[in-house]
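*Asks:*
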C-alpha cells in the first residue's frame with residue numbers, strides 16, 4: 045500500500061477544547077466524523093463540569109506527584125452515555141494508538157479536559173494558601189500545573205487518605221444504596237411540609253424503605269432487597285450530615301438519635317423545590333417531589349367584555365365597555381377577590397381549593413398592574429390589544445364579548 049503523510053497541529057487541552065466548541069461545517073471547512081464525535085463528547089465533558097461531577101485527587105507521574113481534578117461518573121445515566129460514546133467511537137479515533145480501547149481513550153481525554161479546565165478556572169487563588177503542610181501543598185497544587193515537592197512518607201499518607209475517601213464513592217456497597225429525600229405536601233389542615241428520609245436502591249429506584257424502619261433493624265449489617273449494607277447506622281448519619289451542607293434545614297433533624305424526617309415551613313419547602321432539591325440530586329442523592337412541581341401554575345387571564353348599562357356614544361374602537369376578569373392559575377379559576385387575597389399573602393406556595401400551587405412573583409405583579417390600569421372599564425381598542433397579546437404581559441386564556449362588541453372583535 046502507498047504511504048501517505050498527513051500534516052497535523054498539536055494543540056494543548058485548552059485550545060483543543062475551544063476548537064471543538066467553535067468549529068462548524070462551512071463551504072471552506074468540512075468536519076470529519078472524528079471531529080464531530082469529539083465535539084459531542086466534549087459537550088458531555090463540559091456538562092459534567094457544570095454539574096460539578098469531579099473531585100480532587102493525587103496522581104503519580106514517575107517519581108513526581110501532582111494534584112489533579114478527576115471526573116466522576118457514578119450516575120446510571122452518565123454511565124449509560126459513557127458506554128454509548130465508547131461503542132460509537134469512529135475507528136479513526138483509535139488509529140494513532142491501535143492497542144488502546146475506546147474507553148481508555150475517552151477516559152484519558154476526559155481526565156485531561158477536567159483537570160485542565162478546573163485548574164484554569166481557579167488559577168491564582170493558590171496565592172492565598174501559604175501553609176507548608178502536605179495538605180496545604182496539595183491544595184495549592186490543585187490550582188496550578190506545578191508538581192508537588194516530594195516527601196515520600198507524607199505523600200504516601202495523603203494518597204492513602206484520598207484513596208479511602210474515593211473508594212467510598214466508587215465501592216459496590218456505596219453504590220448499592222443511596223439516601224433519598226421525599227418531600228410531601230401538608231395534610232388538609234396544616235401548612236407544615238414533610239421531608240422524609242428513605243434508603244433507595246440505586247439500580248432500581250422503585251425499591252425504597254423509610255429510615256424509621258431501617259433504624260429498627262438490629263445488628264451491624266442490614267439485609268434488604270437481597271443486598272447487604274454494613275454499619276447502616278453510622279453511614280446513614282454521615283450521609284445526612286453531608287446532605288445538611290447542601291440543605292442546612294436537615295441539620296435540625298440530626299439532633300434526634302434516629303432521624304427519619306424534617307418538618308419544613310412553606311418558605312423552606314419552596315427553597316427545597318426551587319434550589320436545594322437540584323443540588324442534592326446532582327450530588328448523588330435521590331429526590332422525590334410532589335406533583336405540584338410538575339403542574340402548570342402559570343397565570344392566565346379570562347376576560348369578559350359587556351356593553352355598559354349606562355349609555356355611551358358610538359360602537360367603535362374608542363367606545364368604553366365594562367371589563368370583567370378572572371385569573372386562571374393551573375386548572376383553577378379565581379375571582380378578583382380570591383386573587384387579591386392570595387396576592388396579599390406574599391408567599392411562593394399557596395393552597396387553592398385543596399391544591400398547592402407555586403406562585404411566580406413577577407406574574408403576580410404583572411396581573412395586579414394589568415387590572416389596576418383598567419379599573420373595571422376599558423376601550424374596545426385596548427381589549428383588542430390584550431386579546432392579540434400586544435401587552436406581552438400575561439397570556440389570555442379566553443375572551444368573551446356580548447352583542448356588537450363580539451362582532452367588532454371578530455372583524
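Numbering (this note's numbering), first residue to last: 45 to 455. Yeah, the Cβ is synthetic: ideal placement off N, Cα and C, and Gly gets one too. Bear in mind that the values here come from a model prediction, so they are computed numbers and not experimental data.
1. Any idea which residues DSSP pairs residue 442 with across the strands?
2. Go to residue 238, then tell me how far its beta strand (DSSP E) extends in each direction, as first and last residue.
3. If distances are taken between C-alpha atoms only, which option among 361, 370, 330 comes closest to residue 346?
4. Using three-state DSSP, classify residue 330 as helix, strand or coil.
5. Our contact map puts residue 206 next to residue 102 with C-beta atoms below 8 Å; I'd like the distance itself, whole angstroms only.
6. Take the Cβ of residue 275 as the centre, count every other Cβ of all protein chains shown within 10 Å, and call the residue buried at 16 or more, exposed below.
7. Of all the beta strand (DSSP E) runs that stay within the bounds of the stretch 46-109, which reach a length of 3 or more residues?
8. Does the count of Cβ pairs from the stretch 306-319 and the stretch 237-250 closer than 8 Å reach three?
9. How long is the line joining the alpha carbons of residue 429 and residue 232, rounded to whole angstroms?
10. Answer yes or no: do residue 98 and residue 73 have a C-beta to C-beta separation smaller than 7 Å?
11. Is it buried or exposed, residue 159, if we count other Cβ atoms within 10 angstroms and call 16 or more buried?
12. Out of 270, 300, 82, which has the shortest C-alpha to C-alpha gap to residue 284?
13. Identify whether residue 396 lies in helix, strand or coil by the three-state DSSP scheme.
14. Hey, residue 182 and residue 111: beta-carbon distance below 7 Å or not?
15. Can you grab the Cα-Cα spacing for the pair residue 316 / residue 333, in whole Å?
16. Determine whether the beta carbon atoms of residue 137 and residue 51 lie at a separation below 7 Å.
17. My understanding is that residue 441 touches residue 387, with C-beta atoms under 8 Å, so please give their C-beta distance in whole angstroms.
18. Compute the distance between the beta-carbons of residue 368 and residue 423, then report whether it is under 7 Å.
19. Roughly how many angstroms lie between the CA atoms of residue 222 and residue 280, to the nearest whole one?
20. Going along the chain, which residues of its own chain have a beta-carbon closer than 7 Å to the beta-carbon of residue 57, five neighbours each way excluded?
21. Confirm, please, whether the CB-CB distance from residue 147 to residue 130 is below 7 Å.
22. Throw me the rounded Cβ distance for the residue 407 and residue 450 pair, which I believe falls under 8 Å.
23. Is there contact between the stretch 286-297 and the stretch 316-330, where contact requires at least three CB pairs shorter than 8 Å?
24. Exposed or buried, which one is residue 245 when buried takes at least 16 other CB atoms within 10 Å?
25. Which residue spans inside the stretch 107-137 form an unbroken beta strand (DSSP E) run of at least 3?
26. Leaving aside the five residues before and after residue 75 along the sequence, list all residues of the same chain whose C-beta is less than 7 Å from its C-beta, in chain order.
27. Do residue 225 and residue 251 count as a contact pair if the criterion is CB distance below 7 Å?
28. Helix, strand or coil for residue 449 per DSSP?
29. Is residue 202 helix, strand or coil when you go by DSSP?
30. Note the first and the last residue of the continuous beta strand (DSSP E) segment covering residue 308.
31. Whole angstroms is fine: what's the gap from residue 365's alpha carbon to residue 416's?
32. Roughly how many angstroms lie between the CA atoms of residue 444 and residue 395, to the nearest whole one?
33. Can you name the residues that DSSP bridges to residue 254?
34. To test your reading of the DSSP string, which unbroken beta strand (DSSP E) runs of 3 or more residues are found completely within the stretch 258-305?
35. What number of angstroms, rounded off, separates the C-alpha of residue 340 from the C-alpha of residue 446?
36. Where residue 338 and residue 400 are concerned, what is the direct C-alpha to C-alpha distance, given to the nearest angstrom?
*Replies:* In terms of the structure at hand:
1. Beta-bridge partners of residue 442 (DSSP): 346.
2. Start and end: 237-245.
3. Ranking the options by Cα distance to residue 346, first place goes to 370.
4. Residue 330 falls in the strand class under three-state DSSP.
5. Confirmed, Cβ separation roughly 6 Å.
6. Residue 275 counts as exposed, since fewer than 16 other beta carbons sit within 10 angstroms of its beta carbon.
7. Within the stretch 46-109, the complete beta strand (DSSP E) runs of at least 3 residues are 98-105.
8. A contact between stretches requires three or more CB pairs, one per stretch, nearer than 8 Å, and the stretch 306-319 meets this requirement with the stretch 237-250.
9. So the alpha carbons of these two residues sit roughly 41 Å apart.
10. No. Outside cutoff.
11. Burial call: buried.
12. Per the Cα distances, 300.
13. Correct three-state label for residue 396: strand.
14. Yes.
15. Cα-Cα distance, rounded: 9 Å.
16. Cβ atoms of residue 137 and residue 51: not closer than 7 Å.
17. With a Cβ gap of about 18 Å, residue 441 and residue 387 do not count as contacting.
18. Pairing residue 368 with residue 423 gives a Cβ-Cβ distance that is not under 7 Å.
19. Those two C-alpha atoms are separated by around 9 Å.
20. Correct list, in chain order: 156, 157, 160.
21. Yes, they are a contact pair.
22. About 28 Å separates the CB atoms of residue 407 and residue 450; that is not less than 8 Å, and the two are not in contact.
23. The stretch 286-297 vs the stretch 316-330: in contact.
24. Residue 245 is buried by the Cβ-count criterion.
25. With a minimum length of 3 residues, the continuous beta strand (DSSP E) runs that stay inside the stretch 107-137 are 108-115.
26. For residue 75, where only same-chain residues beyond five positions count, the Cβ hits under 7 Å are 67, 69.
27. Going by beta carbons, residue 251 and residue 225 fall outside the 7 Å limit.
28. DSSP, read as helix, strand or coil, puts residue 449 in helix.
29. Correct three-state label for residue 202: helix.
30. Its beta strand (DSSP E) spans residues 305-308.
31. Cα to Cα, residue 365 sits roughly 16 Å from residue 416.
32. Cα-Cα distance, rounded: 28 Å.
33. In DSSP, residue 254 forms a bridge with 242.
34. Counting whole runs of 3 or more residues, the stretch 258-305 contains the beta strand (DSSP E) stretches 265-268, 271-274.
35. Note that residue 340 scores 48 on pLDDT, short of 50, meaning its location in the model is unreliable; the coordinates nonetheless yield the value given after this. Looking at the two C-alpha atoms, the distance is approximately 30 Å.
36. Per-residue confidence for residue 338 stands at a pLDDT of 47, beneath the threshold of 50, marking its modelled position as unreliable; the derived number appears in the next sentence. Taking the straight line from one Cα to the other gives about 11 Å.
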